[in-house]
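Residue numbers (our numbering), protein chains in the order written: chain A, 698 to 952; chain B, 698 to 952. Ideal Cβ positions, reconstructed from N, Cα and C, are used throughout, including at glycine. The model shown is predicted, which means the values in this text are computed figures rather than measured ones.
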DNA sequence: CGATTGCTTGAGTGTCATCAACTAGAGTGG
DNA sequence: CCACTCTAGTTGATGACACTCAAGCAATCG
């Protein structure tokens, strides 16, 4: 399909892996300089996506994996009954598109939640390159493995957690991801809407809203719109890890 | 059913990839014969696990990935509050342990649901081998990618489906996996208990039981204990794919 | 400004979890 | 062979949590 209006010259834009602030988090971990160069050469920096732009559609032929440089991407698929189900949010330094490798088709769509810049990594060339750079290949195995782990955590969340725990888990998870990139883990701006959060967590939008206000009333967070501050880290951590209060077994004080 | 008790000596048992009935489904796809040989040499057939035996524990150092030859394995993790959450069932020809690559530690435990034989594939050696056999490396990428896809389907199931749809999805999914191995896709024996099914699907055990009886009353399946026959494939398919009956399309509805 | 979009709040309802009792089958032991 | 126990599964009654429907509010926008 369309998009990819690449610039006049689909040229290498300014930044390269070497001086990219994300380099420690992204692919090149533990590669020799010369190897980073070779990787650099196959990566295309594309021009920014605007909010709502689609990076690829469910069903498109798989060509590339993508690294987010700034902004946020969501992946989702459309069920047979026409509903959207969000399967992931991708922040800077994170890789998406890996699920397309298997059938050579993207099984999900990817859309920008805000203005977003990405690096495109043509997979065929990455595969080639990994033939010659074992550490790159191993890095790819690791990245895919991590994705599998993360997804399984998500399954636990969806299968076993209640609404409070789900929302707390998401906020703590996002905080941790901000932290990795050098930002505050307790104070940040959500790039997704309440509707997207609720969809991702398997809740109704009203439920997310209610949980948020409840958290505020209890002093766990402050939230004004998309600006979130976690003000009681300990309680939020307890919720996210599903540690129920069994303290006073005298009666059932609810969580 | 089957169960191949092969020889006494724990090492290189009779079967090898070449004559293994699963070879078309397992790793060796599209490898040259000579390459299959080399793969063969690093694979260890281990002596059968009995029901309840643990293949590896959550937290163990990651050494190998495993292919199921006969029987069934479940993977699960223990949440901080001590509950078990099953994250997958593995049938013959399927690979498990991939989630351990990332941190060099298994993030889940794996336990046999019945007498089960497996092939152990030391990952370090597999990585080495894949340095020299690009098609093997690519095959591994594909396998991991497929796992990511499957897990995402599971997320949709957990996040968006109701009890009927969840159970129908599981039964249809298991059927499809039996079919791939040459068995009936509509008539098979569950190797997991109701409790394991309910845990996996994020339901209460009683709910699974009720759904099953409801399906029987409607004539969708017949079930006696663990023996299942799907008798109304169409309806079950509809449920599994979440096609709701919007009978009267008089109005807007779909998007 | 009305209109639209995103979010919050309220009221009523339904699905599914919980608690509990009961059944069926398998294994044990006298 | 017949209690006895244990486990797995089914069925019923009840209620909670989260969904749905609906209204209201705030901010943005054409």
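Under 8 angstroms between C-beta atoms of residue i and residue j
| i | j | result |
| --- | --- | --- |
| residue 815/B | residue 740/B | no |
| residue 809/A | residue 749/A | yes |
| residue 799/B | residue 788/A | no |
| residue 923/B | residue 898/B | no |
| residue 767/A | residue 889/A | no |
| residue 830/A | residue 792/A | no |
| residue 864/B | residue 926/B | no |
| residue 866/B | residue 920/B | no |
| residue 790/A | residue 719/A | yes |
| residue 878/B | residue 722/B | yes |
| residue 826/A | residue 735/A | yes |
| residue 917/A | residue 904/A | no |
| residue 774/B | residue 804/B | yes |
| residue 714/B | residue 732/B | no |
| residue 939/B | residue 851/A | no |
| residue 836/A | residue 752/A | no |
Buried versus exposed, by CB contacts within 10 Å (16 or more), residue i
| i | result |
| --- | --- |
| residue 945/A | Confidence is the limiting factor: at residue 945/A the pLDDT is only 40, short of 50, which leaves the residue's position unreliable, though a coordinate-based value still follows. It is exposed - the Cβ of residue 945/A has fewer than 16 other Cβ atoms within 10 Å. |
| residue 849/A | buried |
| residue 893/B | buried |
| residue 896/B | buried |
| residue 703/A | Only weak support is given to the placement of residue 703/A: the predicted model assigns it a pLDDT of 42, under 50, and the value that follows is read from those uncertain coordinates. Exposed, by the Cβ-count rule. |
| residue 699/B | Caution is warranted here: a pLDDT of 42 is assigned to residue 699/B, below 50, making its placement in the model unreliable, and the coordinate value is therefore given only provisionally. With fewer than 16 other Cβ atoms within 10 Å, it is exposed. |
| residue 807/A | buried |
| residue 765/B | buried |
| residue 910/A | exposed |
| residue 930/A | exposed |
| residue 716/A | exposed |
| residue 779/B | exposed |
| residue 706/B | For residue 706/B, the pLDDT reaches just 41, beneath the cut-off of 50, and the residue's location in the model is therefore unreliable, leaving the point undetermined. |
| residue 933/A | buried |
| residue 777/B | exposed |
| residue 900/B | buried |
| residue 812/A | exposed |
| residue 881/A | exposed |
| residue 915/B | exposed |
| residue 771/A | buried |
| residue 876/B | exposed |
| residue 834/B | buried |
Chain-ordered neighbours of residue i on chain B, where CB pairs are closer than 9 angstroms
| i | result |
| --- | --- |
| residue 828/A | 828, 831 and 834 |
Beta-bridge pairing of residue i - partner residues as DSSP gives them
| i | result |
| --- | --- |
| residue 774/A | 782/A |
| residue 765/B | 815/B |
| residue 792/A | 764/A |
| residue 907/B | None, per the DSSP bridge assignment. |
| residue 926/B | 884/B and 919/B |
| residue 753/A | 807/A |
| residue 893/B | Its beta-bridge partners do not exist; DSSP assigns none. |
| residue 746/B | 813/B |
| residue 802/A | 758/A |
| residue 741/A | 817/A |
Amino acids of chain A, ordered along the chain, whose beta-carbon sits closer than 8 angstroms to that of residue i
| i | result |
| --- | --- |
| residue 782/B | 852, 853, 856 and 857 |
| residue 805/B | 849 |
Neighbouring residues, chain A, relative to residue i (Cβ below 7 angstroms)
| i | result |
| --- | --- |
| residue 899/B | 855, 856 and 857 |
| residue 798/B | 838, 839 and 842 |
7 angstroms Cβ cut-off: residues of chain B touching residue i
| i | result |
| --- | --- |
| residue 760/A | By Cβ distance, chain B contributes nothing, its closest Cβ being about 14 angstroms from residue 760/A, past 7 angstroms. |
Contact list for residue i against chain A, beta-carbon separation under 9 angstroms
| i | result |
| --- | --- |
| residue 795/B | 838, 841, 842 and 845 |
| residue 960/B | Here chain B comprises residues numbered 698 to 952, so residue 960/B is not present and cannot be evaluated. |
| residue 824/B | 831, 834, 835 and 838 |
Contacts of residue i in chain B (Cβ-Cβ under 8 angstroms)
| i | result |
| --- | --- |
| residue 774/A | 849 and 853 |
| residue 893/A | What residue 893/A touches in chain B: nothing, since even the nearest Cβ is about 13 angstroms away. |
Would you say the segment 867 to 879 of chain A touches the segment 742 to 761 of chain A, given that touching needs at least three Cβ pairs under 8 angstroms?
no
Pair every Cβ in the segment 842 to 860 of chain B with every Cβ in the segment 781 to 789 of chain A, then say whether three or more of these pairs are closer than 8 angstroms.
yes
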